[in-house]
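Each residue of the sequence shown is one higher than the one before, counting from 0 in numbering that gives the first Met the number 0. Note that CB positions come from ideal geometry on N, CA and C, so glycine has one too.
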Amino acid sequence: MIQLAGTASEHRTLIMSLFGAFVIATLGITLWAGRQTKDAADFYAGGRAFTGFQNGLAISGDYMSAASFLGIAGLIALFGYDGFLYSIGFLVAWLVALLLVAEPLRNSGRYTMADALAFRMRQRPVRTAAGISTIVVSIFYLLAQMVGAGSLVALLLGVSGDGAKRWTVVAVGALMVIYVTVGGMKGTTWVQIVKAVLLIAGAATMTVMVLAKYHFNLSSLLGAAADASGKGHAFLEPGLKYGVTGTTKLDFLSLGIALVLGTAGLPHILVRFYTVPTAKAARKSVLWAIGIIGVFYLMTLALGFGAAALVGPKTIKASNAAGNTAAPLLAEQLGGGAGSTGGAVLLAVISAVAFATILAVVAGLTLASSSSFAHDLWANVIRRGKASEKEEVASAKLAAVAIGAIAIVLAIFADKLNAAALVALAFAVAASANLPTLLYSLFWKRFNTVGAVWATYAGLITSVTLVIFSPVVSGNAKTSLFPHSDFHWFPLENPGLVSIPVGFLAGAIGTWLAREKADPAKYAELEVRSLTGLGAD
């Protein structure tokens with residue numbers, strides 16, 4: 000760690016120059032987009048002017064987060080086969096989003112997820128529940144990005160104290176607020192497109208370099224990774240992380256369910272479907288996203304096992320116990336190793352790409368949550384639909400500042416957690432609170448307001464409560480949020496196995512017990528609109 004940090008410090012000028020270049024370029028894009036933003040449709044949905052390919056790139060940029068690039072590479076490097084399961088789960092999840100959500104959501108809403116949920120329900124209770132859920136899920140996801148940023152910059156600047164990580168978190172929070180308040184959806188989308196191109200190019204370069212070291216023989220790479228891991232052949236088999244006890248096997252099942260079902264309930268992904276002009280473009284954007292994301296997650300296999308083989312788990316853990324710095328350390332090794340100019344250059348380039356990844360994703364998350372507050376909670380609940388567009392957009396900008404501040408404070412205390420594991424928690428909350436309500440609303444004629452409120456709150460409260468009382472927060476001296484305390488009673492690290500069924504069950508029970516009857520005419524209207532796009536903006 001000392002040698003690696005020292006190398007980074009010697010080339011601090013190069014590193015900071017690359018970081019500065021990206022920040023300046025993206026701020027320029029944001030200022031340009033800010034001049035194009037004239038009304039609420041521009042701020043929330045980018046004027047619905049993006050093509051399917053552009054939106055597919057932006058979705059990819061929004062989805063391939065610090066968890067994907069930093070967290071998954073680290074998990075594969077430390078746990079082998081079990082780490083790669085994250086990549087599989089994140090990718091398969093897109094099939095659920097494509098088949099069940101993308102087109103109906105685009106056709107039945109305007110700006111936020113709650114637009115679709117409240118279409119045939121009573122507005123105020125449903126929008127309140129959906130708005131709160133959106134903000135909670137977004138903050139969980141924001142934590143992962145902030146943690147990744149802190150680990151990355153601490154490595155690059157050659158510091159091991161908490162001070163640099165905290166200032167990094169503050170800086171990322173400030174930038175994301177600027178992106179959202181100035182550029183809106185247009186600025187955020189273009190930042191995500193640029194970031195997606197840079198990330199794919201960087202990951203592809205590293206993948207080719209790793210495979211070239213093993214003469215493009217995947218078997219040789221896997222063998223070298225297993226030898227360097229100290230675990231032998233077990234490194235390439237299931238069970239290193241999720242097969243030791245019955246509890247860890249259940250944790251794996253819970254993780255898999257959360258990953259596969261979570262994407263279709265992520266607010267910052269769902270709002271991307273509103274930025275295209277037609278339902279056909281929405282389908283195209285998801286297909287492009289699946290292709291781009293699929294290629295990227297295949298490359299994480301080379302990055303993770305390459306880091307295990309060439310850097311080694313001990314060095315990775317010494318730099319960051321959760322493995323979040325595995326990809327940058329691999330870049331340094333591929334460039335010539337610690338102390339070499341080539342190593343410093345590649346480390347700086349890949350780290351700048353990772354930093355770009357973080358900035359783009361936090362901007363998307365902040366926009367989704369602040370938009371939900373302004374459009375759902377402020378304009379439709381508090382102001383009862385009487386807020387002007389100007390007032391609504393102003394409240395969204397103020398909400399972005401507040402949500403950014405909350406995320407900064409929480410992220411300062413979460414630096415020991417793996418970025419991918421944190422994102423998995425966000426997936427679990429989204430799948431528990433948002434997905435049941437969304438699917439029931441779109442496909443169940445009898446579903447009513449009581450069922451929607453019960454499903455959202457039950458899934459949200461159950462998932463968050465189980466996370467608070469899980470080993471993620473306390474009970475594990477090495478990886479818990481509060482390592483010196485132990486108040487956990489829920490044994491699993493991911494609550495999805497329990498909280499997702501609770502969300503679906505609560506929605507069904509609430510619907511059956513309610514005296515309120517669903518309006519069949521409104522359901523018929525929603526069904527026609529969701530399938531054909533008739534009446535959609």
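Please confirm if the region 99-109 is in contact with the region 357-373, defined as three or more CB-CB distances below 8 Å between the two stretches.
no
Between the C-alpha atoms of residue 29 and residue 209, what's the straight-line distance to the nearest angstrom?
35 Å
Quick check on this structure: which residue in 21, 91, 203 has the alpha carbon closest to the alpha carbon of residue 261?
Here the closest residue by C-alpha is 91.
Any alpha helix (DSSP H) of 4 or more consecutive residues that is wholly inside the region 254-336:
266-269, 278-309, 312-318, 325-333
Which of helix, strand or coil does DSSP assign to residue 481?
strand
Helix, strand or coil for residue 339 per DSSP?
coil
Buried or exposed: where does residue 239 fall if 16 or more other Cβ atoms within 10 Å of its Cβ makes it buried?
buried
Entirely enclosed beta strand (DSSP E) segments - the region 35-106, minimum 3 residues:
none
Once DSSP output is grouped into helix, strand and coil, what is the label at residue 387?
coil
Straight-line gap, residue 221 to residue 489 (C-alpha atoms, nearest Å):
35 Å
Can you give me the start and stop residues for the alpha helix (DSSP H) that residue 193 sits inside?
183-212
Could you have a look at residue 473 and say whether DSSP puts it in helix, strand or coil?
strand
Residue 60 and residue 194 closer than 8 Å at C-beta:
yes
According to DSSP, is residue 502 part of a helix, a strand, or is it coil?
helix
Residue 229, DSSP secondary structure in three states
coil
Please tell me whether residue 206 and residue 298 are closer than 8 Å, where the distance is taken between their beta carbons.
The criterion of a C-beta distance shorter than 8 Å is satisfied by residue 206 and residue 298.
Short check: CB of residue 138 to CB of residue 405, under 8 Å?
yes
The alpha helix (DSSP H) with residue 238 in it runs from where to where?
Neither: residue 238 is in no alpha helix (DSSP H) and is coded neither H nor E.
For residue 457, the three-state DSSP class (helix, strand or coil)
helix
Sequence-distant residues of the same chain with beta carbon closer than 7 Å to residue 464, five excluded per side:
none
Count the CB pairs spanning the region 514-525 and the region 441-450 that are closer than 8 Å, and state whether there are at least three.
yes
Indicate the three-state DSSP secondary structure (helix, strand or coil) for residue 374 in the structure shown.
helix
Using the Cα positions of residue 539 and residue 328, report the straight-line distance between them to the nearest angstrom.
This structure does not reach residue 539, given that the chain is present from 0 up to 536, and the question cannot be answered.
Collapsed DSSP secondary structure at residue 25 in the structure displayed:
helix
Counting beta carbon pairs with one atom in the region 331-339 and one in the region 166-181, are three or more of them shorter than 8 Å?
Contact fails between the region 166-181 and the region 331-339, because fewer than three Cβ pairs, one in each stretch, are under 8 Å apart.
Buried or exposed: residue 2, going by 16 or more other Cβ atoms within 10 Å of its Cβ?
Unreliable positioning characterises residue 2 in this predicted model, as indicated by a pLDDT of 41, which lies under 50. A coordinate reading is not provided.
Please report the residue range of the alpha helix (DSSP H) in which residue 116 lies.
DSSP places residue 116 inside the alpha helix (DSSP H), whose first and last residues are 112-116.
Provide the residue span of the alpha helix (DSSP H) that contains residue 520, from first to last.
Segment 519-531, the alpha helix (DSSP H) holding residue 520.
For residue 271, count neighbouring C-beta atoms within 10 Å of its own C-beta (all shown protein chains included) and say buried if the count is 16 or more, exposed if not.
buried
With a threshold of 6 Å on Cβ separation, who are the neighbours of residue 530 within its own chain once the five nearest residues in sequence on each side are excluded?
Within the same chain, residue 530 has no close Cβ partners at all.
Can you tell me whether DSSP reads residue 18 as helix, strand or coil?
helix
Excluding sequence positions up to five away, which residues of its chain have a Cβ less than 6 Å from the Cβ of residue 454?
435, 436, 502, 505, 506
Exposed or buried, residue 24, counting other C-beta atoms within 10 Å across all chains shown (16 or more means buried)?
exposed
Using a Cβ-Cβ cut-off of 6 Å (strictly less than) and excluding sequence neighbours within five positions of residue 374, which residues of its own chain qualify?
110, 111
Tell me the rounded alpha-carbon separation between residue 563 and residue 14.
Since the first residue shown for the chain is 0 and the last is 536, residue 563 is missing from the structure and cannot be characterised.
Quick check on DSSP: helix, strand or coil for residue 393?
helix
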